[in-house]
Amino acid sequence: MLPHRLAPCYTETDMKPQDTDRQDSYRQEQESRFEETFLSPSGGEAPSPRTAPEEAALPRLRRFEYPGMSEEHRQYLAVFTSSSALAASAPPGPVPADLASLRVDYRSRLNDAQLQAALWEGGPLLVIAGAGTGKTWTICCRAAYLIERGVPPGEILLLTFTRKAASEMIGRASMLLDDAEAAGRISGGTFHGFAHRMIKRYADIIGVDRNFTILDETDARDVIVLIRDELKLRRRDNVPVPKGQVIQGILGTSRSCELTVKEVITRDHEHLSVYIPDLEVIQRLYLKYKQAHRYMDYDDLLEVLYEKLQNNSRFRQLVHRQFTHIIVDEYQDTNTVQGRLVEALAGERRQVMVVGDDAQSIYGFRGAKSENILNFPRIFPASGIIRIEKNYRSTPEILAYANDVTGAMTFAYPKQLASVRPGGAKPEVHRCFSQQEEASWICDAVENLQQQGSALADIAAVYRSNHLSGHLQAELLKRRIPFIVYGGLKFVERRHVKDMLAFVRISLNTLDAAAWHRVLRMISGIGQVRSGMIIRTVAENGGVFSAQKFRGHPFFSAMEELEGVIRYLQDDRLSLQQRLLRLKAYYLPVMRQHCEDYARRIPDLDVLASLAESSSSMEEFFSDLALDPPSASFQDYPTEKHDGDADSLVLSTVHSAKGLEWRYVFVISMLDGVFPDIRSLHDFSSLEEERRLFYVACTRARDGLYLSFPSYIQTHQYFALPSRFLSEQDREHFSFYIGRREHPVKFV
DNA sequence: CCGAGGAACATTTTT
DNA sequence: TGTTCCTCGG
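In this text, residue positions in the first sequence follow the working numbering: the first is 247, and each later residue adds one.
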């Protein structure tokens, strides 16, 4: 008799690709596991009901230990298991007796759990809302209710992770109340946007120079490269000097995960340990650079706000008076500073509600701490916990599958999502031969769905990482199926956009060395060395750039021209658009020289100019761009004609798909080593994060979920085996097919 | 010292 | 597929 579910049984040593013997045995083991899971006749025990009703009633952590568990990991888990607060769910607060007198009929719009959350009166509240349970809707109702109850809208602070999410919620709240004016005064936005506003507004009180500029990630990378090059590092121990992106990654992880550079390198980049002292120097210089040039990066905004809230009582009072009710969305993705910030903002009044789903925490690699959500009850004693588990999105079959995924998770607030929808088809698992065949199978299936009346926009294909979509894109192009790619290279990260913005940055701050480098190197005859010389001249000149200083140099006329452009950009009497169009005129010939496909990039320059329309100053334009970057969907797709409204299939990484839903979802490349990613296999907690990511992928689907994988993949041959996530599933919960749709061989 | 051309190389990324 | 690093010839 087969075990009902096959437990994962890997250790780090199984996975070392160098060791061919082990590799072979790993392969064999995987193959047999695969066969047992998918190919043998259904013979397992009947699925046992996993959650007894009484077990489901209380939020409680699963305990978890395994043989050979390290002390470190044990301690890590102890954070969760000792969270005493989890046992103490506060009793429901009183629901106002006179519900009927309220303008909005909440009872008819919300289920019991949602209603309890929206009308909560018992102080701090943690809402655990699974995927598709109407979390957004509940927050909207909460905001509407607070307003009805007499809280001035301006005192409600709604913190989210994207500006879109905030404005959407405020929009829905205003529809609900039928009072756009009142709801419009709700203060909503991202953590970063909020921090920016507060710092600018109270700059004088908190003693921060108001004239700072925001350094986005790409700019920050330029600065880091600049610093690294200035150090003139030589190859050490025949290890190449790390790339800018890698250095930025290390410094970023060090910051957001609160580790030293040394710790990060030892943990994630062992081969770079010879560079530890250099990177520590770079870290210090980067800090200095920001101070010297009045730059703040994203983390600085949050940290400054937190630090000032702690240490400046006048500021704290002002902020507390202004915002009396705090609502935080996607709490599972907050990092340490954000968690503390919520605590500091709530203050003594503790009118704080956080909403999240620990099973959907997928940004741990960036410092998001799902501990925040688990620790909330400890930070705010006597807080309430409400779970919303009724799912309005997916069919029972899809949810049964998704619940299996959460069942395989080690720690979480246990939850069983229950569907309110009628039954549909079971999720399908498809094994294809190659990536090409997988792509072609998906296209077949998509065309099928189209014939059955689905719009392309109802369908999405999601994958672990960007490059996996290549084959699919090629096939879609061949068949002329229009598609949109989410989460590719962002608009502001494109080379030509960055180039244009470098001029803008210089016009705002003539001491910005990184921007100068970028701009100067466009001029023929100027490279690393001369550009450094020019920048030094500008700095010695107190930040004044004068072409006259370079009379006699071979590039004198180029300097004159450059000076003209910059003066033009600085001229406040002209409209932003005028200035940017002048810049475009200067930049076009440069771009023609450097880019093969320069014609295709021109529209982006116009987009940039038109984005400026809504800003009142160059500085504001620049901040807005950093805090609210236009989405990647500006991309020009190689389909013949494509405008934003066209009916298109969506291709997206799972990360970018979070919070979205489609009728039909294809999860492609379900291979071990791909999804889960090979780099996560050695570490328990990152493997858990991959599993949560898989959970997010599955719960995007409303009507149909299709998982597929190729058995043969050119680049990572030895991992061309089905994802372990597939074999963790109960075989009753999916159907399995081999080969093309026309000739499916159904096994289970 | 500059820049062209070839080789090497790639997670995920709300701000 | 695109970007960045490295080397070598002007």
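Note that beta-carbon positions come from the ideal geometry of N, C-alpha and C, so glycine has one too.
Which partner residues of residue i appear in the DSSP bridge assignment?
i, result
"THR641", "The partner list for THR641 (beta bridge, DSSP) is empty, contrary to what the question assumes."
"HIS901", "In DSSP, HIS901 forms no bridge with anything."
"LEU404", "GLY434 and ILE573"
"ALA614", "ASN581"
"PRO968", "LEU917"
"ALA664", "LYS636"
"VAL601", "VAL373"
"THR459", "TYR541"
"ALA706", "VAL896 and VAL911"
Helix, strand or coil: how does DSSP classify residue i here?
i, result
"GLU1007", "The question about residue 1007 has no answer here: the residues shown for the chain are numbered 247 through 994."
"ASN581", "strand"
"PRO398", "coil"
"ARG633", "strand"
"MET768", "coil"
"SER607", "coil"
"LEU371", "strand"
"TYR541", "strand"
"PRO293", "The predicted model places PRO293 with a pLDDT of 34, which falls under 50 and marks its position as unreliable; any figure quoted below should be read in that light. In the structure shown, PRO293 sits in coil (DSSP, three-state: anything other than H, G, I, E or B)."
"MET655", "coil"
"SER329", "Model confidence at SER329 stands at a pLDDT of 39, short of 50, so the residue's coordinates are unreliable and nothing is read from them."
"ALA377", "coil"
"ILE493", "helix"
CA-CA distance, residue i and residue j?
i, j, result
"ARG797", "ILE769", "16 Å"
"ILE416", "ILE730", "27 Å"
"LEU834", "ASP843", "12 Å"
"LYS615", "ALA359", "26 Å"
"LEU808", "SER862", "24 Å"
"LYS446", "LEU547", "10 Å"
"PRO875", "VAL738", "7 Å"
"PRO623", "LEU531", "40 Å"
"ALA793", "GLY490", "31 Å"
"SER379", "HIS438", "The sequence shown places Thr at residue 379, not Ser. Taking the straight line joining both Cα atoms gives about 27 Å."
"ILE984", "ALA943", "22 Å"
"ILE432", "ILE573", "11 Å"
"ILE772", "PHE868", "27 Å"
"GLY610", "GLU576", "13 Å"
"GLY789", "LEU757", "6 Å"
"GLU394", "ARG937", "41 Å"
"LEU304", "TYR941", "Annotation note: pLDDT 34 at LEU304 (below 50); position unreliable, coordinate value reported separately. Looking at the two C-alpha atoms, the distance is approximately 22 Å."
"GLN606", "LEU939", "7 Å"
"SER902", "GLU866", "27 Å"
"ILE522", "ALA804", "41 Å"
"ARG409", "GLY435", "5 Å"
"GLY653", "ARG847", "48 Å"
"SER915", "PRO627", "44 Å"
"ASP704", "PHE930", "35 Å"
"GLN824", "MET542", "28 Å"
"GLU806", "HIS799", "11 Å"
"ALA336", "MET599", "Only weak support exists for where ALA336 lies, its pLDDT of 44 falling under 50; the value from the coordinates is given anyway. Going by the C-alpha atoms only, they are around 14 Å apart."
For residue i versus residue j, is the C-beta spacing smaller than 9 Å?
i, j, result
"VAL373", "THR570", "no"
"LEU405", "VAL588", "yes"
"ASN787", "ARG540", "no"
"TYR709", "VAL583", "no"
"ALA375", "THR384", "yes"
"ASP424", "SER640", "no"
"PRO488", "LEU533", "no"
"ARG764", "ASP475", "no"
"LEU822", "VAL811", "no"
"PHE561", "ILE452", "yes"
"ALA855", "LEU826", "yes"
"PHE921", "PHE971", "yes"
"LEU953", "HIS713", "no"
"ASP579", "ARG740", "no"
"PRO673", "GLU643", "yes"
"ARG751", "ASP465", "yes"
"PHE955", "GLU684", "yes"
"HIS717", "GLN662", "no"
Would you check whether the ligand FMN has a heavy atom nearer than 8 Å to the C-beta of residue i?
i, result
"ILE572", "This structure lacks the ligand FMN; in fact it carries no ligand of any kind."
*alpha helix (DSSP H) runs contained entirely in the segment 913–964, provided each spans 4 or more residues*: 930–944
_My parser needs the alpha helix (DSSP H) runs of 4 or more residues fully inside the segment 752–821; what are they?_
759–766, 774–786 and 802–816
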